[in-house]
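Data first, discussion second: the structure below is written as structure tokens.
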Amino acid sequence: MSAEQRIARPNATIGLIVAVLVGAAVSVALGVYGKVHEPRFFAVNVAGFSSPTAVKAWLATAVFALAIGQLLSALLMYGKLPGLTAPPWIGVVHVWSGRAAVLLSAPVAVHCLYALGFQDGTARVYAHSVLGCFFYGVFVAKMLLLTRKGLPGWTIPVAGGVTFAGLTGLWLTSSLWFFQNNGLTF
Numbered sequence: 149m150s151a152e153q154r155i156a157r158p159n160a161t162i163g164l165i166v167a168v169l170v171g172a173a174v175s176v177a178l179g180v181y182g183k184v185h186e187p188r189f190f191a192v193n194v195a196g197f198s199s200p201t202a203v204k205a206w207l208a209t210a211v212f213a214l215a216i217g218q219l220l221s222a223l224l225m226y227g228k229l230p231g232l233t234a235p236p237w238i239g240v241v242h243v244w245s246g247r248a249a250v251l252l253s254a255p256v257a258v259h260c261l262y263a264l265g266f267q268d269g270t271a272r273v274y275a276h277s278v279l280g281c282f283f284y285g286v287f288v289a290k291m292l293l294l295t296r297k298g299l300p301g302w303t304i305p306v307a308g309g310v311t312f313a314g315l316t317g318l319w320l321t322s323s324l325w326f327f328q329n330n331g332l333t334f
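Listed below in structure tokens is the structure:
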């Protein structure tokens, strides 16, 4: 191992630790804000939808669909889909679908955090509140890790997988629940 590699590893480890700590701080800050903040119960609504909850369910479903695309494009880029080769444009699709997912998630997150706050009335709602804070913390950590050089090869795939798992839990405790109780209404 060269001297340059020995220097890069501690810097990468420090970068990994800092990213995880910043992500954890974001998660905790969102949870604390959501718990101490007085919910405003305002509604984010879009013309054509029957309720703000329907808007959130469909936006979150679009985010989840884009996240599935993120997962598939990442698997393709990492060569984990047997018999398939990543086309040269897949990286651009991966980046832009991720940006679209974040943009679509913002009004949902703002509504949940500002209008409703961190709630714990039922197991589903409590899990949803925890997963929301967790997801955005992991997302921040993953974004910080993307800029680090010298990280172990498993770092970004694990961060992406944990981010996807958090989003899956969010979707299951919100949109899927909404659709099961209200049908596929708009």
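Heads up: take any position in the sequence shown, counting from 1, add 148, and you land on my numbering. Just so you know, even glycine gets a beta-carbon here, dropped at the ideal spot from N, CA and C.
Looking at the backbone, the Cα of residue 216 and that of residue 188 are separated by about 32 Å. Given a length threshold of 4 residues, each whole run of the alpha helix (DSSP H) inside the stretch 276-327 is given here in chain order: 303-320. Spanning the alpha carbons of residue 316 and residue 165 requires a straight line of approximately 25 Å.
Membership of residue 265 in any alpha helix (DSSP H) is not indicated, and neither H nor E is assigned to it by DSSP. In terms of CA proximity to residue 314, 280 leads the group 280, 201, 256, 210. In this model, residue 333 and residue 277 are separated by some 24 Å (Cα to Cα). Unbroken alpha helix (DSSP H) stretches of 4 residues or longer found wholly inside the stretch 235-259: 238-258, given in chain order. Non-local beta-carbon contacts of residue 254 in its own chain, meaning distances under 6 Å to residues more than five positions away in sequence, are absent. Bounds of any alpha helix (DSSP H) do not take in residue 230, whose DSSP letter is neither H nor E. In the three-state reduction of the DSSP assignment, residue 201 falls in the helix class, which pools H, G and I. Secondary structure of residue 212 (DSSP, three-state): helix. Between residue 327 and residue 205, the gap from beta carbon to beta carbon is short of 8 Å.
Residue 296 is not a Cβ neighbour of residue 208, given a cutoff of 8 Å.
When DSSP states are grouped into helix, strand and coil, residue 171 belongs to the helix group.
For residue 219, the secondary structure class from DSSP, reduced to helix, strand or coil, is helix.
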